[in-house]
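First residue of the sequence shown: 2, per our numbering; consecutive thereafter.
Beta carbons: idealized from backbone N, C-alpha and C, even for Gly.
Because the structure is a prediction, the values reported are computed rather than measured.
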Amino acid sequence: MNVVVVESPAKAKTINKYLGPGYTVLASFGHVRDLPAKDGSVKPDEDFAMIWEVDSASAKRMNDIGAALKNADGLILATDPDREGEAISWHVLDLLRKKKLIGDKPVSRVVFNAITKKAVLDAMANPRDIDVPLVDAYLARRALDYLVGFNLSPVLWRKLPGARSAGRVQSVALRLVCDRESEIERFVSEEYWNLSAILKTPRGDDFEARLVAADGKRLQARSVGNGEQATDLKALLEGASYVVDTVEAKPVKRNPSPPFTTSTLQQAASSKLGFSASRTMQVAQRLYEGLDLGGETVGLITYMRTDGVQMAGEAIDAARSAIGDQFGARYVPEKARIYSTKAKNAQEAHEAIRPTDFTRTPDQLRRFLDTDQLRLYDLIWKRGIASQMASAEIERTTVEILAENGDRKAGLRAVGSVIRFDGFIAAYTDQKEDGEQSDDGEDEGRLPEIRASETVAKQKINASQHFTEPPPRYSEASLIKRMEELGIGRPSTYASTLATLRDREYVVIDKRKLIPEAKGRLVTAFLESFFHRYVEYDFTASLEEKLDRISAGELNWKDVLRDFWKDFFAQIEDTKELRVTNVLDALNEELAPLVFPKREDGSDPRICQVCGTGKLSLKLGKYGAFVGCSNYPDCNFTRQLSSDGDAEAQASNEPQALGKDPHTDEEITLRNGRFGPYVQRGEGKEAKRSSLPKGWTPASIDHEKALALLSLPRDIGQHPESGKMISSGLGRYGPFILHDGKYANVETIEDVFSIGLNRAVSVLADKASKGPAGRGAAVAALKDLGEHPDGGAITVRDGRYGPYVNWGKVNATLPKGKDPTSVTLEEALPLLAERAGKAKPVKAKAVKAKAAKPAKAKAAADGDEKVAKPRAAAKAKPAAKTTTKTKAAAKPKTAAAAKAQKG
């Protein structure tokens with residue numbers, strides 16, 4: 002009997018059926034150990050020794066594997082066929098050897114690119130050893146990400162409060178988004194005109210031709226730059242006669258694109274299906290691991306983390322056969338198409354993403370797959386089969402026309418194309434992001450029959466004004482494409498890198514576009530000013546190339562770490578002498594368009610408009626950066642940073658006069674501060690302020706509403722039983738009424754101003770009768786996910802703080818933005834394992850808590866090389882033993898400490 006170790010329980014179940022009774026297949030549930038989330042886990046002074054930690058959930062998995070191995074003949078490591086999969090096998094083997102459970106038992110490594118019976122059995126017949134260079138590349142990446150995160154992030158915390166983290170690839174991806182935003186801000190729009198003529202052939206057919214030359218000069222795009230030029234040229238065309246000079250028809254062949262890699266799949270799924278990168282990988286994981294097709298679990302696609310574009314020979318033959326059956330013999334090219342990968346490292350260039358069986362059409366699988374699975378499988382199937390189909394044959398016709406008006410001449414051109422044979426377009430049409438290229442199936446407009454030397458009649462002259470537009474913001478798909486072009490990161494990690502940027506609130510996605518938040522732009526400006534080398538595109542790409550060379554066995558991984566650490570550590574040390582004033586001066590200059598937008602009246606945008614003499618500057622507070630006046634505390638003007646740097650949005654941050662208080666004669670103003678819009682009466686420390694309630698926008702605030710807000714709290718009347726005053730007001734958690742130190746919420750802000758004594762007494766009584774809200778109340782399950790491997794049902798529930806998965810007494814919050822109805826059992830298990838590992842039982846007699854240091858733990862969550870959720874394993878520390886002398890964990894004193902402790 003042999004023990005086989007795979008990564009996920011779903012895969013274990015399927016492979017167990019394929020291998021039969023001679024094998025025991027167990028799941029590692031992803032990584033079984035990781036670097037502890039604390040300083041010192043990588044020791045540069047000890048030749049980069051790495052301290053690994055096994056969490057409690059993974060320890061149980063390893064105990065199960067060890068127990069099964071005691072009575073086994075050998076160990077087969079069958080984790081995923083990539084760098085992370087190789088690393089997991091290495092970790093498992095290293096742990097088992099340290100426990101002395103291997104002995105002289107044979108150990109082999111097998112990889113399969115698809116979870117089908119044939120692929121698995123073929124892999125078992127061709128075992129190999131663990132790929133040491135590939136493991137070295139993993140160790141180097143992990144160490145680099147750790148060293149950057151745990152040394153650069155604390156610099157940000159000290160010098161730039163409110164910043165959450167920095168990472169080796171994460172920070173460079175963020176710079177791309179911020180640089181694009183700066184391009185948009187600096188962009189100056191230019192006017193241009195397009196001129197065209199609607200002409201008619203002698204046979205009565207209309208067509209359009211655009212102006213390409215005039216008065217002996219060729220006209221390029223945007224050559225006509227103003228209305229005066231356009232009017233002159235339009236007059237030329239209005240009075241001209243038109244003769245066809247030449248008609249040229251050219252056959253053009255268009256070839257199909259190769260099958261999907263990880264990044265091209267993410268791009269296509271974004272543009273065609275609207276999927277985020279992380280959603281694409283989640284759905285692809287399910288298709289790869291296998292789904293039940295009428296009683297048989299089958300993997301439907303090959304491995305979805307790949308840089309390769311080639312297909313196996315048998316897959317090419319199967320595709321060509323399916324093309325002949327479904328489209329006809331003409332659609333099968335004479336020779337099979339062979340694609341070559343652009344990946345720099347052949348060891349990571351696995352087979353492309355394709356269906357495991359081309360005869361399984363999307364229509365045949367419709368009843369077995371959910372909507373997202375079917376849509377993604379349909380995309381993969383069509384792209385895969387199209388890659389082996391015949392070229393599309395297109396006839397492109399170009400017509401040159403001469404226009405004469407007295408002594409003046411002009412040239413016009415009409416272009417059209419017709420698909421003579423659709424070829425691969427019958428299966429799949431390419432669609433590029435941001436309109437870079439039209440669909441393969443969309444022609445340039447059909448032209449009617451046009452003959453050389455014939456006269457055509459003018460029907461209408463069009464002159465349209467246009468303005469150049471700034472470059473578009475990145476979408477997830479176009480950012481992934483740009484990162485791949487620059488050689489930054491690796492396709493298998495792009496989804497987790499983008500998720501980190503969203504989770505850190507460095508970017509926000511609006512209408513599928515990535516917009517940098519003010520916090521993200523501050524971090525980028527700081528890094529560009531003081532750590533420029535480490536956010537350079539070329540430097541990051543060259544480091545990736547070195548890592549690829551490590552996995553190819555061409556470089557020693559510790560040599561690469563030594564070269565990196567020497568300069569990086571010196572740069573970190575230099576920042577200890579960095580003063581906050583130096584940071585603010587650099588940020589004021591770097592982010593001037595964001596922080597100090599131009600004013601309509603042309604006045605100096607850095608002069609405070611409240612006091613008229615103070616100079617505005619970035620300030621750093623407990624919760625991050627804001628703009629304040631140099632005359633503080635005499636002038637207490639502050640405003641938050643606009644996320645998009647829009648001048649109008651920034652202008653709204655200046656105080657707006659609403660009138661005077663009739664009782665105090667003080668000015669009432671509408672302002673925008675660090676925590677949102679508010680109204681203020683008077684100036685200085687004694688000024689009265691009130692935030693705007695939910696649902697009230699700054700545009701809706703007038704003098705009357707501002708007076709009402711500033712009059713709060715409002716006395717309603719004395720309680721008939723206690724004789725104490727009942728009042729109403731607006732607080733941190735919304736509108737309320739208050740009596741004898743006890744609060745009760747009311748539905749709307751209008752209730753605060755209008756509620757009478759009788760209703761207030763009733764609301765207070767209702768609150769008292771209900772007791773503490775929600776404590777101990779059972780929460781109904783939204784979805785049943787099935788049985789946990791250790792027994793007990795796993796469900797999805799909706800709680801007070803959002804949706805979560807539940808198993809017994811373990812509750813694990815779902816990631817932000819995750820649809821609770823789409824959660825699968827495979828996604829829930831790692832979340833529960835991580836949560837279970839973080840639970841630290843404390844004895845009842847434990848006394849005071851020792852304050853948790855806001856150590857560098859947060860950086861642990863910022864590694865750019867995160868693994869997708871189905872692979873992720875619990876990374877929390879095992880439960881700590883406590884005694885009466887041990888102090889229970891106290892609440893950290895700062896928000897940063899709380900996040901560090903929580904992370």
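| query | result |
| --- | --- |
| Rounded distance between the beta-carbons of Glu-8 and Gly-31, thought under 8 angstroms | 6 angstroms |
| Burial state of Asn-152, where buried means 16 or more other Cβ atoms lie within 10 Å | buried |
| The segment 407-421 touching the segment 202-212, judged by at least three CB pairs closer than 8 angstroms | yes |
| Per-residue burial, Val-4 [other beta carbons within 10 Å of its own, 16 or more giving buried] | buried |
| Opening and closing residue of the beta strand (DSSP E) in which Glu-396 lies | 393-406 |
| Helix, strand or coil at Tyr-243 according to DSSP, with G and I counted as helix | strand |
| For Ala-115 and Val-299, the rounded distance between their alpha carbons | 9 angstroms |
| Which of helix, strand or coil DSSP assigns to Phe-369 | coil |
| For Thr-398 and Gly-554, the rounded distance between their alpha carbons | 53 angstroms |
| Contact between the segment 325-343 and the segment 415-430 (3+ Cβ pairs under 8 angstroms) | yes |
| Segment limits, alpha helix (DSSP H) that includes Met-484 | 477-487 |
| CB contact flag (Ser-493, Thr-263, <8 angstroms) | yes |
| Inside the segment 49-88 only - beta strand (DSSP E) runs reaching at least 3 residues | 75-78 |
| Short Cβ contact (8 angstroms threshold) for Val-111 with Ala-124 | yes |
| Distance CB(Glu-192)-CB(Gln-466) smaller than 8 angstroms | yes |
| Close Cβ partners of Gly-21 (< 6 angstroms) along its chain, the five nearest in sequence each way excluded | none |
| Residue nearest to Asp-56 in terms of C-alpha spacing, selected from Pro-45, Ser-29, Lys-44, Asp-820 | Ser-29 |
| Cβ shell of Leu-370 (< 7 angstroms), same chain only, five flanking positions each side left out | Leu-292, Tyr-378 |
| First through last residue of the beta strand (DSSP E) which encompasses Gly-674 | 668-674 |
| Beta-carbon proximity list for Glu-450, same chain, < 8 angstroms, skipping 5 on both sides | Thr-202, Arg-204, Asp-206 |
| Local Cβ density within 10 Å of Ala-1, reported as buried at 16 or more and exposed below that | The requested residue 1 does not occur in the structure, where the chain is confined to residues 2 to 904. |
| Cys-630, DSSP secondary structure in three states | strand |
| Residue from Ser-728, Ala-241, Pro-634, Trp-566 with nearest C-alpha to Val-753 | Ser-728 |
| Extent of the continuous beta strand (DSSP E) to which Glu-47 belongs | First-last for Glu-47: undefined, no H or E at that position. |
| Contact check, Met-312 vs Glu-352, beta carbons under 8 angstroms | yes |
| The segment 533-541 touching the segment 613-622, judged by at least three CB pairs closer than 8 angstroms | no |
| Cβ pair Leu-161, Phe-527 closer than 8 angstroms | yes |
| When Arg-513, Leu-708, Pro-714, Leu-765 are compared against Leu-274, the one with the closest alpha-carbon | Arg-513 |
| Coarse secondary structure for Met-125, derived from DSSP in three states | helix |
| Cβ contact check for the segment 89-102 and the segment 57-75: 3 or more pairs under 8 angstroms | yes |
| Where the beta strand (DSSP E) containing Met-726 begins and where it ends | 726-732 |
| Coarse secondary structure for Thr-232, derived from DSSP in three states | helix |
| Whether Arg-640 touches Asn-673 by CB criterion (8 angstroms) | yes |
| Per-residue burial, Lys-876 [other beta carbons within 10 Å of its own, 16 or more giving buried] | Residue confidence for Lys-876 is low, a pLDDT of 38 falling below 50, so the modelled location carries little weight; the figure read from the coordinates is stated next. It is buried - the Cβ of Lys-876 has at least 16 other Cβ atoms within 10 Å. |
| Where Ala-794 falls: helix, strand or coil (DSSP) | strand |
| CB contact flag (Glu-667, Arg-690, <8 angstroms) | no |
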